[in-house]
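Working notes for the structure below.
Numbering (our numbering), first residue to last: 113 to 441.
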């Protein structure tokens, strides 16, 4: 167990360094700096910074040093517990991001909830009615949804459900007068505003989760111990809930490790389309303004979430699957 954990920690640390280095190099090699972009955005020539002021700002924030030196300084600062200061907001990065994280977490968990309540029952029913009309139609429908780009679906949702039919709001987290609502109405309004972006994020997961559920159930249903339970006269309800469903949950240990990266990446586009004030929208804004500290902090957060998802997946298999434990000995 100790050797397994040490190897996993070493792999995660190496992967983390490589991810942050690649992101840092890509961001730094992009044309422009935070101050040159600000300077170019000023319409009046008198509002532009003098060359000496521009060079002084570059020196102050160490942007005039070689890229690898900048990365080394940033990494040491990160390891010491400092994320730096946002160039655009002139505030500590942890405060800027901390204000946005709850909105992103809520949207992602709500999306995951919608994904599960639709896909899991559909996958179970497809497995129980293998090769039936429902199995074929639901499979084709979910695969069609999977093929649709999320940004295009977001625009269609806004045009039809927001603008044309006016069934759902399509920007922000709350109504303008939400501060006057009671506790229950306040959170109902929050879910009401989150429905379209959460559903947009969940669509691509419907096919994956439903087909994953179907294939897992079919594999378990063909096991010898299931056939033995049927031969002994056990009811189908008892076999399904006590044996099939319980055994099928083990492969789901990998599910969240696979879905998490896609949801984290997808929230950047969806939050921007629906003006959802989360970390994804902040990330895109930081890219436009070359706010390096915010970009790197959010990249680190995304990398940590993905690596933790992978680590928990491996650890979960190590705990529940004896073959994994024997292989590591």
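Just so it is clear, CB atoms sit at the ideal spot from N, CA and C, and this is done for glycine as well. As the structure is a prediction and not an experimental result, all values here were calculated from the model.
Asked, Found
"Please report the Cβ distance between residue 416 and residue 208, rounded to the nearest whole angstrom; I am assuming they are in contact, meaning their Cβ atoms lie under 8 Å.", "Contact flag wrong, Cβ pair sits at about 17 Å."
"Do residue 312 and residue 266 have their C-beta atoms within less than 8 Å of each other?", "yes"
"Let's see if you can read the secondary structure: which residues bound the alpha helix (DSSP H) around residue 203?", "That residue, residue 203, is in no alpha helix (DSSP H); it is neither H nor E in DSSP."
"Quick one: is residue 217 buried, meaning 16 or more other Cβ sit within 10 Å of its Cβ, or exposed?", "exposed"
"Within a Cβ cutoff of 7 Å, which residues of the same chain sit near residue 390, ignoring the five residues on either side of it in sequence?", "212, 215, 216, 219, 379 and 383"
"For the alpha helix (DSSP H) that contains residue 336, what are its first and last residues?", "336-343"
"Can you list, in chain order, the stretches of the beta strand (DSSP E) that have 3 or more residues and sit fully within the stretch 177-255?", "none"
"Residues in its own chain within less than 7 Å of residue 242 by CB, not counting five upstream and five downstream?", "330"
"Let me know the secondary structure DSSP gives residue 264 once reduced to three states.", "helix"
"Kindly confirm or deny that the stretch 281-293 and the stretch 318-334 touch, where touching means at least three C-beta pairs closer than 8 Å.", "no"
"Only counting the same chain, and skipping five residues up and downstream in sequence, which positions put a Cβ closer than 7 Å to that of residue 174?", "182 and 185"
"Whether or not the stretch 250-261 and the stretch 343-360 are in contact is what I'm after, with contact meaning three or more pairs of Cβ atoms, one per stretch, closer than 8 Å; do they touch?", "no"
"Just to confirm the assignment, what range does the alpha helix (DSSP H) spanning residue 403 have?", "Looking at the DSSP string, residue 403 is not in any alpha helix (DSSP H), and its letter there is neither H nor E."
"Suppose you measure from the CA of residue 400 to the CA of residue 239; what does that come to, to the nearest Å?", "47 Å"
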